[in-house]
Amino acid sequence: MTISGGPMDPVSLRMAEEERLRQEAIPAKGKSRLEDAAGFLPVAESEAAEKLMDLVEAELFDRICKVLAEDAQALAILNILNAFNTRRDVARRAVKQLMNHP
Numbered sequence: 038m039t040i041s042g043g044p045m046d047p048v049s050l051r052m053a054e055e056e057r058l059r060q061e062a063i064p065a066k067g068k069s070r071l072e073d074a075a076g077f078l079p080v081a082e083s084e085a086a087e088k089l090m091d092l093v094e095a096e097l098f099d100r101i102c103k104v105l106a107e108d109a110q111a112l113a114i115l116n117i118l119n120a121f122n123t124r125r126d127v128a129r130r131a132v133k134q135l136m137n138h139p
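By my numbering, the letter at position 36 of the sequence shown is numbered 73, and the numbering carries on one by one without gaps.
Structure, rendered in structure tokens:
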């Protein structure tokens with residue numbers, strides 16, 4: 038397909054040369070993104086970053102506890118889970134005791 042100004046790519050409807058350059062740039066952009074991501078690793082694994090993540094996780098945990106305490110449905114679900122876990126723990130202890138006694 039040709040329009041004044043040069044050949045066009047029939048799929049992208051861009052000028053053929055422009056499309057070729059764009060396609061060639063895709064791997065370079067990907068490599069650049071990978072290099073940027075890899076460059077963050079020393080920062081992410083630093084002691085300061087670990088302390089920051091611990092603080093953020095603690096804040097999130099506190100917030101979740103507050104939200105759950107105010108949500109009747111969430112409390113009901115937690116009660117079901119707690120009851121199930123308690124019964125499971127009792128069952129495990131019972132099995133252990135039965136296995137230890139002839």
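The beta-carbon is built from N, C-alpha and C at its ideal position, and this holds for glycine as well.
- Helix, strand or coil: how does DSSP classify Arg130 here? helix
- Distance, Lys103 Cα to Asp97 Cα: Per the sequence shown, the amino acid found at residue 97 is Leu instead of Asp. Taking the straight line from one Cα to the other gives about 10 Å.
- Task: Check whether the Cβ of Glu82 lies closer than 8 Å to any Cβ atom in chain D.
- Result: Reference to chain D is not applicable here, since this structure consists of a single protein chain.
- Item | Check whether Leu105 and Ala111 have beta carbons under 8 Å apart | yes
- Message: If you follow the alpha helix (DSSP H) that Glu107 is in, where does it begin and where does it stop?
- Response: It is not in any alpha helix (DSSP H) - Glu107 carries neither H nor E in the DSSP assignment.
- In angstroms with no decimal places, state the Cα-to-Cα distance between Ala74 and Gly67. 11 Å
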